[in-house]
Amino acid sequence: MEQVEQVSENTYRITGENFTVASQVEINGELTATVFLNNSSLLIQDVELEYGDQIAVAQICDSTAAPVLSVTDAVTYRGG
Numbered sequence: 051m052e053q054v055e056q057v058s059e060n061t062y063r064i065t066g067e068n069f070t071v072a073s074q075v076e077i078n079g080e081l082t083a084t085v086f087l088n089n090s091s092l093l094i095q096d097v098e099l100e101y102g103d104q105i106a107v108a109q110i111c112d113s114t115a116a117p118v119l120s121v122t123d124a125v126t127y128r129g130g
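Residue numbers for the sequence shown, in our numbering: 51 to 130.
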């Protein structure tokens with residue numbers, strides 16, 4: 051994950067590399083609904099990020115025992 055960019059009110063684009071349809075954004079450790087745009091962009095909507103929030107991208111699976119396969123290092127949201 052490289053960048054978190056606000057694109058409109060309560061909508062953010064997350065850019066990086068190697069995203070898949072199984073990529074899901076975590077905000078402060080909580081998974082949030084994520085729209086896969088392409089292998090370098092994800093979109094989260096109806097979210098209000100605050101300064102200092104920790105943003106990461108998780109690879110998820112359908113297993114209830116271990117739904118998260120891996121997580122990127124978190125990025126601290128600085129606004130804007």
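Backbone N, C-alpha and C fix where the C-beta goes; we use that ideal spot for every residue, glycine too.
Given the structure is predicted, the values throughout are model-derived calculations rather than measurements.
In this chain, the beta strand (DSSP E) harbouring Tyr62 covers 61–65. Across the set Thr82, Asn68, Asn88, the C-alpha of Thr82 shows the shortest separation from the C-alpha of Asn60. Within the model, the alpha-carbon separation for Ile105 versus Glu80 is close to 9 Å.
According to the DSSP assignment, Phe86 belongs to the beta strand (DSSP E) that extends over 85–88. Going by beta carbons, Thr65 and Gln74 fall outside the 7 Å limit.
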